[in-house]
Amino acid sequence: MEFNAPATENLFDRAKLVGKSTPRIDGPLKVSGAAPYAAERHDVVAGQAYGWIVGAAIAKGRIRSMELGDARRAPGVVAIVAATEHEPVGTSPYNHAPLFGGRDIAHYHQAIAVVVAETFEQARAAASLIRTQYDAADGVHDLARVKSAAKIGTGFSGESMKDTLGDFDGAFGGAAVKIDATYTTPDEAHAMMEPFATIAAWEGDKLTVWTSNQMINWGKRALASILGIEADNVRVDSPYVGGGFGGKLFIRADAVMAALGAKAAKRPVKIAMQRPLMFNNSTHRPATIQRVRLGAGSDGRITAIAHECWSANITGEDGEHGTLQTPKLYTGANRLTASYVSQIDLPEGNAMRAPGEAPGHMALEVAMDELAEQAGIDPVELRILNDAHGVVPGDPETKISDRHLARCLKEGAERFGWSERKAQPGQARNGRWLTGMGVAAGYRAGPTAKSAARVSLSADGKLKVETDMTDIGTGSYTIIAQTAAETMGLPLDSVTVELGDSNFPVSSGSGGQWGAASSTAGVYAACVNLRRMIGEKLGFDGDAADFQGGLATLDGQGWQITEAGALSADGEMTYGDFKSDYDVGTYAAHFAEVRVDAFTGEVHITRMLAVCDAGRILNPLSARSQVIGGMVMAAGATLMEDLHVDKRFGFFANHDLAGYEVPVHADIPHQECIFLDTLDPIVSPMKAKGVGELGICGPNAAVANAVYNATGVRVREYPITVDKYLDRLPALA
Amino acid sequence: MRSFTYERAKTAADAAKTVAETQGAKFIAGGTNLLDLMKIEVETPTHLVDVQDLGFDAIEETPEGGLRIGALVSNTALSAHPAVRRDYAVLTRAIQAGASGQLRNKATTGGNLLQRTRCAYFYDTNMPCNKRKPGDGCAALGGFSRQLGVIGISDACIATYPGDMAVALRVLDAVVETVKPDGTARAIPIADFHRLWGDTPQTETVLEPGELITAVVLPEPLGGQHFYQKVRDRRSYAFALVSVAAVIQADGTGRVAFGGVAPKPWRVEAADALLQQGASAVVAEAFADARPTEQNKFKIPLAERALAGILADARG
Ligand SMILES: Cc1cc2nc3c(=O)[nH]c(=O)nc-3n(C[C@H](O)[C@H](O)[C@H](O)COP(=O)(O)OP(=O)(O)OC[C@H]3O[C@@H](n4cnc5c(N)ncnc54)[C@H](O)[C@@H]3O)c2cc1C
Ligand code: SF4
Chain A
55 MEFNAPATEN LFDRAKLVGK STPRIDGPLK VSGAAPYAAE RHDVVAGQAY
105 GWIVGAAIAK GRIRSMELGD ARRAPGVVAI VAATEHEPVG TSPYNHAPLF
155 GGRDIAHYHQ AIAVVVAETF EQARAAASLI RTQYDAADGV HDLARVKSAA
205 KIGTGFSGES MKDTLGDFDG AFGGAAVKID ATYTTPDEAH AMMEPFATIA
255 AWEGDKLTVW TSNQMINWGK RALASILGIE ADNVRVDSPY VGGGFGGKLF
305 IRADAVMAAL GAKAAKRPVK IAMQRPLMFN NSTHRPATIQ RVRLGAGSDG
355 RITAIAHECW SANITGEDGE HGTLQTPKLY TGANRLTASY VSQIDLPEGN
405 AMRAPGEAPG HMALEVAMDE LAEQAGIDPV ELRILNDAHG VVPGDPETKI
455 SDRHLARCLK EGAERFGWSE RKAQPGQARN GRWLTGMGVA AGYRAGPTAK
505 SAARVSLSAD GKLKVETDMT DIGTGSYTII AQTAAETMGL PLDSVTVELG
555 DSNFPVSSGS GGQWGAASST AGVYAACVNL RRMIGEKLGF DGDAADFQGG
605 LATLDGQGWQ ITEAGALSAD GEMTYGDFKS DYDVGTYAAH FAEVRVDAFT
655 GEVHITRMLA VCDAGRILNP LSARSQVIGG MVMAAGATLM EDLHVDKRFG
705 FFANHDLAGY EVPVHADIPH QECIFLDTLD PIVSPMKAKG VGELGICGPN
755 AAVANAVYNA TGVRVREYPI TVDKYLDRLP ALA
Chain B
19 MRSFTYERAK TAADAAKTVA ETQGAKFIAG GTNLLDLMKI EVETPTHLVD
69 VQDLGFDAIE ETPEGGLRIG ALVSNTALSA HPAVRRDYAV LTRAIQAGAS
119 GQLRNKATTG GNLLQRTRCA YFYDTNMPCN KRKPGDGCAA LGGFSRQLGV
169 IGISDACIAT YPGDMAVALR VLDAVVETVK PDGTARAIPI ADFHRLWGDT
219 PQTETVLEPG ELITAVVLPE PLGGQHFYQK VRDRRSYAFA LVSVAAVIQA
269 DGTGRVAFGG VAPKPWRVEA ADALLQQGAS AVVAEAFADA RPTEQNKFKI
319 PLAERALAGI LADARG
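Protein chains in written order, with this note's numbering: chain A, 55 to 787; chain B, 19 to 334.
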């Protein structure tokens, strides 16, 4: 089914299940431990041995020798696959750094061997007996040093990341109010709870991996390309994923080394990557340096807007494009956005929740706060004043699909008690606490991708949905069940959903907040085909009939759908060209209140609010979890998360969960999330957009702005930790 | 993790003797620090002597009016004890500012005193570290040193004693009781317990090989107001950037010790004497010989501001 014109009134506008808060159907399994994660799938194949990955001890260079004898002789060892005895594996379009690169070392903790043994403990103990000698090479590990060599980056679809409109320099030069500020964001880790984990088994030429992955079809093709085998010979299965945040969009070393280990051991091998290896072996969000210049009239209307971003990656390609939201958010006739990338010798940078936009808001939306203060305008008002209407400000050829940012800002301000905020910073004090409020707008694209599913109706009226879509803790199982039940007119509990198996029809997968909108549309397409089949079988027009309560009705006639017998239909939703005339975005207003210890400078968040405009919300309960989860991550990015680069040794030094701090419960006292009741007819027949990344676009800046409002000190170097501004805090009385 | 053998000791003297006489032997109590370090082969004992059957799990009043805390009393039990909460609140507050509920249930009084540094390079066996491997060099010098020590450190090692409980014990002038392998007992003032390690950062305390901690004794209560302020990057489950333990009397005199800054809880008696003059005088005296790195020099003004906050609260 092709979606090739804006959606008109349809069954979802009269929905009984879609759009209603529905507890996650996988929830009881999750909380009772009955949902097995990859490393817990003891029953899928017999004879599982354990693999332990050895990581390189240098950031760059070559392995001179590996002494493997002691490890091979160690108790329980079944096989060792080592870089000195094995060709480098192939590459895939999704990976920048080699997952097993032979003797050449491109980054710290690159996999150089896997030790397979009867038990986990034996594999780990034997691995430490491997003695590796290196010829280390010099590398450059410092973004500030490679910045000047940067070139213009390319975006997700290969487009240039530099755009200009009008005459920025002229307009900025003549502006009555100007901001020119530089912000830095550090390298960040996904730090998901479930580590990379895979069980791999070969049957002849055929490989099965039970793994933890967000994008099953990408994974299947990538693994085939890396191992040099046919994609048809690879099966990937990942029904439950314990967090990924972009880190599991792609095949990682766990899957590759488990496959190689299983081949060498001639039996299934299980690997769960050890936590200390996760940070340097895999991917991270690259650090950025961002310069924002805003010029406005004394009335606060923006006339000139420039946002430039520098980041670096191991290949010199695929940067962290902090400018992505800037063409979309605010008006202004004269513009420049550019994102530059340089080469750096650090582990691979790659997608992490709202790649580009998450750190981009940490610059742009703080610059807006700075502009508001200079212009003497309330920050909420400034954003409403410069809100875009009709067309994308940075690309006036492109229409805006559906946008209610001003409503988000107004309703949020009202709800949050914004009028209590003191415009003058550093003025609100309660005992030892300086208090402040901050606001930021949020933009994240609302993309869709083609997505397929199979729906099977049994003679007793039960419906099974199969698609290779993943549920990465987001609630996919539930919204897919809601969609299928709604379309087929069946109760929710007669629908079962099976996900994450590459034997199922290919879905959009989970990433870039496209999963919810795309996968449900694919399930809808399959259900429409099934309705048609039922109609053909029973002699009515399945497209015209109304399906409710197990009954199809048309023109006063009714049919029990079970009378059609067992039937199965595949379907796929694809998208027509009309969409390219539009920018489909999601929007939010984020508010934060903090208190800052006037003595120590410690920041405590006291309240957060997000008001979101993302079209139809398929399941407000699970959508809320997505948004507040994003807000937690945003709080971490603002206040603590920081992969510390050792610029001499070229690695992230704090590579465990004690050293890389993410927020704990005590950091997040009160969060609220409100959804506007909007519908976007351009996105899909569901009129629904994702929210999984909207929640991390803006709350970061809102917290930073609240810290400024509390203290009068602007910290432009994230994270905002006490060492960065203690000396600028108001003097002690 | 390397293979090791394991036994449960029956008496304190046996335990001490076994550890002293067995090459590569170590005590294990709660295991919350030791096992983590064994998994990454920072610690590689060949034999573990588990001390959990030895008793040492009571908190009793001493004839002097203080408390004797058995070495195996858990952090949870110690911090919750009514007499501790009433008379030694600084200790309760310090313990509860540390680790997490689950860890405190398992962590013991003796093991806590001996927890090892949290320097990132100490945890990564690919990196040079004099503490892990004497003579290897120190990766933290010129590297990621934000968390590390500013005073009492050496060119060989700039790490800290990272714990909280001992900082309160230092303010209280607690005494550590031990049994040596030859069966003799000794009492070590907490002030002397952790070493300023100089060229030998691998040796962190004055304990002799095989010497077993049996108890920690608190002298009679000090009265006054008790404070423990721990400044960190998140609100729980994080080690201190700087912590301040203080007992302040009504006349403004008192005692203060700092955590997260040195190889031991940092207390300078001459600085205590300046408490009535305010935080800046105290910190100037206590940190007169500080040698911070560019990354951690903020710890000194932070210590001052944290103490200023305490003194303001003490005045009410
Ligand atoms: C994630 C995490 C966070 C933490 N956060 C904090 C924190 O914020 N603040 C804080 O203070 N601590 C913190 N800790 C440390 C924790 O408090 C210590 O791990 C714990 O107190 C150690 O006690 P244990 O009984 O488990 O010692 P073990 O791990 O059993 O032993 C530690 C050492 O002491 C030796 N030992 C044990 N008992 C004796 C004895 N009776 N005599 C002689 N030697 C002995 C052992 O041989 C070993 O070398 C944290 C730990 C973890 C894992
Ligand atoms: S500071 Fe001490 S613990 Fe850290 S690397 Fe240097 S010697 Fe090792």
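Note that the Cβ used here is the ideal one computed from N, Cα and C, for glycine as well.
Only His698, Asp700, Arg702, Phe703, Ala707, Asn708 from the stretch 696-708 of chain A bring a Cβ to less than 8 Å from some Cβ of chain B. A contact between stretches requires three or more CB pairs, one per stretch, nearer than 8 Å, and the stretch 457-471 of chain A fails this requirement with the stretch 736-743 of chain A. Per DSSP, reduced to three states, the secondary structure at Gly496(A) is strand.
A Cβ of chain A is located within less than 8 Å of the beta carbon of Asn144(B). Using a Cβ-Cβ cut-off of 8 Å, Ala251(A) does not count as an interface residue toward chain B, since no Cβ of chain B sits closer than that to its own.
Chain B has no Cβ within less than 8 Å of the Cβ of Ser119(A). When beta bridges are read from the DSSP output, Gly403(A) appears opposite His338(A). Below 8 Å, enough C-beta pairs join the stretch 267-282 of chain A and the stretch 297-311 of chain A to call them touching: three or more. For Pro450(A), the uninterrupted beta strand (DSSP E) segment begins and ends at 449-454. Annotation for Met685(A): Met662, Ala664, Gln725, Gly749, Pro753 place their beta carbon closer than 7 Å to its own, counting only its chain and skipping 5 residues before and after. Per the C-alpha coordinates, the member of Gly297(A), Gly354(A), Asp696(A), Gly480(A) positioned closest to Glu248(A) is Gly297(A). For Ala366(A), same chain residues with a beta-carbon under 8 Å away, outside a window of 5 residues either side, are Leu197, Val200, Lys201, Ala204, Pro340, Ala341, Gly373, Val395, Ser396, Gln397, Ile398, Leu400, Gly403 in chain order. At least one heavy atom of ligand 1 sits closer than 7 Å to the Cβ of Gln133(B). Excluding residues up to 5 positions away in sequence, His415, Met416, Glu419, Val420, Ala494 lie with their Cβ nearer than 6 Å to the Cβ of Ala755(A) in the same chain.
When distances are taken from the beta-carbon of Lys317(A) to the heavy atoms of ligand 2, even the shortest one reaches 7 Å or more. Using a cutoff of 7 Å, the CB of Val509(A) does not count as near ligand 1, since none of the ligand's heavy atoms is closer than that. A Cβ-Cβ separation of about 5 Å places Leu592(A) in contact with Trp613(A) under the 8 Å criterion. Taken in chain order, the complete beta strand (DSSP E) segments of 3 residues or longer contained in the stretch 235-285 of chain A are 251-257, 260-265. DSSP lists Tyr497(A), Asp667(A) as the bridge partner or partners of Tyr641(A).
Within the DSSP secondary-structure output, Ala618(A) pairs in no beta bridge.
The set of residues with any CB-heavy atom separation to ligand 2 below 5 Å comprises, in chain order, Cys137(B), Tyr139(B), Phe140(B), Cys147(B), Asn148(B), Lys149(B), Cys156(B), Ala157(B), Ala158(B), Cys175(B), Ile176(B), Ala177(B). Distances from the CA of Ala190(A) to each of Glu520(A), Thr369(A), Ala111(A), Arg347(A) were compared; the closest alpha carbon is that of Ala111(A). Judged by the Cβ position, Asn708(A) fails to qualify as a neighbour of ligand 1 at the 7 Å threshold, every heavy atom of the ligand being at least this far. If you check the C-beta of Ile87(B) against ligand 1, you find no heavy atom less than 7 Å away. For the 8 Å CB-CB criterion, Asp624(A) and Pro559(A) form a contact. If you draw a 10 Å sphere on the C-beta of Lys151(B), you find fewer than 16 other C-beta atoms in it, and that means exposed.
The CB of Ser254(B) comes closer than 7 Å to the CB of Val718, Ala720 in chain A, given here in chain order. By the C-beta criterion, the stretch 168-178 of chain A is judged to be in contact with the stretch 131-138 of chain A, since at least 3 inter-stretch pairs fall below 8 Å. Three or more pairs of CB atoms, one per stretch, sit closer than 8 Å, so the stretch 645-662 of chain A contacts the stretch 715-733 of chain A. Taking 8 Å as the cut-off, the Cβ atoms of Ala350(A) and Leu425(A) count as close.
Secondary-structure assignment with DSSP links Pro207(B) through a beta bridge to Val193(B). Taking a beta-carbon distance threshold of 8 Å, Val776(A) counts as an interface residue toward chain B. With a threshold of 7 Å, the Cβ atom of Asp54(B) counts as near ligand 1, since some heavy atom of the ligand is closer than that. The distance from the Cβ of Lys216(A) to that of Ala392(A) is about 4 Å, consistent with a contact at the 8 Å cut-off.
Taking a Cβ-Cβ cut-off of 7 Å, the neighbours of Ile58(B) in chain A comprise Pro330, given in sequence order. With the criterion set as a beta carbon lying under 7 Å from some beta carbon of chain B, the members of the stretch 760-786 of chain A are Thr775, Val776, Asp777, Leu780, Asp781, Leu786, in sequence order.
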